[in-house]
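Working notes, structure below.
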Amino acid sequence: SHPPALNMKEAFLVLSLHNKLRSKVHPPAANMQKLEWSDELGRLAGARAATCLEGPPLAPAPWLGWSETLVPAGARAFVDILERWFAEGRDYDHRTGHCTGNATCRHYTQVGGKGAALDARGNWEVAGTPVLPYKQGPWCSLCTASLSGCFKSWDHSGGLCEVPRNPCRMSCRNSGRLDVSSCQCTCPPGYTGRYCQVKCSGQCLHGKFRKEECSCLCDVGYGGAECGTKIRFPFHACDVQIDGDCFMVSPEADTYYGAKLKCQEKGAMLAQIRNQKVQDILAFYLSRLEMGNRVTDTDFETGNFWIGLTYKTSKSSFRWDVGEASSFTSFAFGQPDNQGFGNCVEMQASSAFNWNDQRCKTRNRYICQFAQDHIALWQRDP
Numbered sequence: 001s002h003p004p005a006l007n008m009k010e011a012f013l014v015l016s017l018h019n020k021l022r023s024k025v026h027p028p029a030a031n032m033q034k035l036e037w038s039d040e041l042g043r044l045a046g047a048r049a050a051t052c053l054e055g056p057p058l059a060p061a062p063w064l065g066w067s068e069t070l071v072p073a074g075a076r077a078f079v080d081i082l083e084r085w086f087a088e089g090r091d092y093d094h095r096t097g098h099c100t101g102n103a104t105c106r107h108y109t110q111v112g113g114k115g116a117a118l119d120a121r122g123n124w125e126v127a128g129t130p131v132l133p134y135k136q137g138p139w140c141s142l143c144t145a146s147l148s149g150c151f152k153s154w155d156h157s158g159g160l161c162e163v164p165r166n167p168c169r170m171s172c173r174n175s176g177r178l179d180v181s182s183c184q185c186t187c188p189p190g191y192t193g194r195y196c197q198v199k200c201s202g203q204c205l206h207g208k209f210r211k212e213e214c215s216c217l218c219d220v221g222y223g224g225a226e227c228g229t230k231i232r233f234p235f236h237a238c239d240v241q242i243d244g245d246c247f248m249v250s251p252e253a254d255t256y257y258g259a260k261l262k263c264q265e266k267g268a269m270l271a272q273i274r275n276q277k278v279q280d281i282l283a284f285y286l287s288r289l290e291m292g293n294r295v296t297d298t299d300f301e302t303g304n305f306w307i308g309l310t311y312k313t314s315k316s317s318f319r320w321d322v323g324e325a326s327s328f329t330s331f332a333f334g335q336p337d338n339q340g341f342g343n344c345v346e347m348q349a350s351s352a353f354n355w356n357d358q359r360c361k362t363r364n365r366y367i368c369q370f371a372q373d374h375i376a377l378w379q380r381d382p
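FYI, the numbering for the sequence shown is 1 to 382, going by UniProt numbering.
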């Protein structure tokens with residue numbers, strides 16, 4: 001067995017330089033892969049080097065090609081050799097796959113081949129037609145599904161396809177843990193939401209704490225994040241009354257969780273639409289409201305309105321904020337379609353106010369609801 005040809009530091013330098021040079025090819029490479037070090041190929045290279053000047057050469061492996069440069073030990077640095085190989089690219093025509101004139105490019109096409117290990121043969125041909133070392137296009141634009149990451153170092157001008165360090169393309173906030181197999185966050189105590197971005201209520205003074213929602217469900221007559229504010233029902237603020245329930249449409253916009261808190265501060269909750277009658281009346285009202293444009297600010301991103309429905313990954317279903325499953329839905333054609341990223345539900349103006357799943361951080365106006373049984377209790381309050 002032959003000792004490694006390079007020590008760990010030398011191997012790292014060679015690998016880093018390869019990737020730096022590969023990210024500088026011209027024209028840009030759409031499917032150039034990040035090079036990875038192979039100990040097996042390193043051992044084979046060491047064995048090959050040991051036969052260079054003594055005895056017969058090793059029989060060539062059918063799947064392995066070699067790039068060789070014979071220099072006296074210590075005469076040239078690896079950096080110089082690799083950069084000299086890469087410089088052959090000046091004579092390489094990517095359109096034809098051939099070198100210009102009598103120049104050689106086999107070292108360049110090995111350094112600049114799209115493969116992910118040091119096993120690329122200098123020039124490939126199939127039935128006399130050269131196979132180009134990579135596909136031209138914007139960096140990382142043709143990465144495969146298994147190599148969907150795009151590696152970019154601070155000193156790289158382009159990008160290299162790599163196995164993504166985070167295949168979910170998301171991160172968990174507030175010290176949450178990401179399960180890459182399910183792409184779900186496990187949140188620490190006190191936080192909830194898909195990304196653990198929502199801080200839980202500290203305590204519920206006059207209400208029940210809902211662990212799944214990580215928030216308080218206030219008793220009748222109380223509001224606020226911790227249900228500590230005594231409030232009276234504002235009859236004058238009802239925009240629409242349906243079967244005894246009062247619906248208030250906000251003039252301002254907020255994120256989903258911001259809207260939920262704003263409703264709770266009023267002693268209400270985000271609207272729960274449980275049948276077609278309520279859906280039709282609210283949709284008609286919102287369509288007329290659009291014409292009147294009754295708003296106090298124009299901070300909202302869309303003409304849509306939050307309702308109190310979210311997708312619960314733990315239940316694999318859409319649930320109202322009180323925890324109940326939704327037996328009635330009015331999703332627009334093709335919705336829901338955000339595949340776990342749009343966890344909050346809005347009434348979408350472009351779909352006649354049918355429903356759409358949307359990212360919870362979107363700023364929408366919203367609809368608060370005072371339920372009939374709540375109103376009845378408020379009316380008895382002296």
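For every residue, glycine included, the Cβ atom is placed at its ideal position computed from N, Cα and C.
{"Item": "Length of the line joining the Cα atoms of Q136 and D179", "Value": "35 angstroms"}
{"Item": "Endpoints, alpha helix (DSSP H) assigned at F12", "Value": "8-22"}
{"Item": "Start and end residues, beta strand (DSSP E) containing K312", "Value": "305-312"}
{"Item": "Identity of the residue in W306, E83, E36, C216 nearest Q264 by Cα", "Value": "C216"}
{"Item": "Whole-angstrom C-beta distance between L205 and G228, which should lie under 8 angstroms", "Value": "4 angstroms"}
{"Item": "G223 in three-state terms, based on DSSP", "Value": "strand"}
{"Item": "Residues near V198 in its chain [Cβ-Cβ closer than 7 angstroms; skip 5 each side]", "Value": "Y191, T192, C214, Y257"}
{"Item": "Start-end ranges of the beta strand (DSSP E) lying completely within the stretch 331-375, minimum 3 residues", "Value": "344-348, 354-358, 365-370"}
{"Item": "Three-state secondary structure assigned by DSSP to I242", "Value": "strand"}
{"Item": "Minimum Cβ-Cβ distance from V198 to chain C less than 9 angstroms", "Value": "Absent here is chain C; the protein component of the structure consists of one chain."}
{"Item": "Length of the line joining the Cα atoms of Q276 and N354", "Value": "11 angstroms"}
{"Item": "Coarse secondary structure for W63, derived from DSSP in three states", "Value": "The predicted position of W63 is uncertain, since its pLDDT is 45 and thus under 50; a value taken from the coordinates is nonetheless stated next. Of the three classes helix, strand and coil, the one that applies to W63 here is coil, per DSSP."}
{"Item": "Three-pair Cβ contact test at 8 angstroms for the stretch 245-257 versus the stretch 346-365", "Value": "yes"}
{"Item": "Counted within 10 angstroms of its Cβ, other Cβ atoms place P133 as buried (16 or more) or exposed", "Value": "buried"}
{"Item": "Rounded separation between C140 and H26 - CA only", "Value": "14 angstroms"}
{"Item": "Same chain only: Cβ atoms within 6 angstroms of A103, ignoring 5 sequence neighbours per side", "Value": "D91"}
{"Item": "Element boundaries [alpha helix (DSSP H), containing R43]", "Value": "39-50"}
{"Item": "Where F209 sits in the DSSP three-state scheme", "Value": "strand"}
{"Item": "Rounded separation between L13 and T144 - CA only", "Value": "27 angstroms"}
{"Item": "Nearest candidate by alpha-carbon position, reference C368, set S148, C246, C360", "Value": "C246"}
{"Item": "Secondary structure of E162, DSSP reduced to three states", "Value": "strand"}
{"Item": "According to DSSP, residues forming a beta bridge with C216", "Value": "F209"}
{"Item": "G97, enclosing beta strand (DSSP E) - first and last residue", "Value": "Neither: G97 is in no beta strand (DSSP E) and is coded neither H nor E."}
{"Item": "Span of the beta strand (DSSP E) around Q184", "Value": "184-186"}
{"Item": "Contacts around L15, its chain only, beta-carbon distance under 7 angstroms, and the 5 residues preceding and following it disregarded", "Value": "L35, W37"}
{"Item": "For G42 and N7, the rounded distance between their alpha carbons", "Value": "10 angstroms"}
{"Item": "Reduced DSSP secondary structure (H/G/I, E/B, other) of V198", "Value": "strand"}
{"Item": "Collapsed DSSP secondary structure at K315 in the structure displayed", "Value": "coil"}
{"Item": "Bounding residues of the beta strand (DSSP E) (the contiguous stretch that carries C263)", "Value": "Careful: C263 lies outside any beta strand (DSSP E), inside the alpha helix (DSSP H) at 256-265."}
{"Item": "Separation of E88 from H107, as counted between CA atoms", "Value": "7 angstroms"}
{"Item": "Pick from G221, G97, S182, T302 that is closest to C168, judged by C-alpha positions", "Value": "S182"}
{"Item": "Boundaries (first-last residue) of the beta strand (DSSP E) holding L147", "Value": "That residue, L147, is in no beta strand (DSSP E); it is neither H nor E in DSSP."}
{"Item": "7 angstroms Cβ shell around H98 - same chain, five flanking residues per side excluded", "Value": "P130"}
{"Item": "D337 classed as buried or exposed, judged by whether at least 16 other C-beta atoms fall within 10 angstroms", "Value": "exposed"}
{"Item": "The beta strand (DSSP E) enclosing R177, as first and last residue numbers", "Value": "177-179"}
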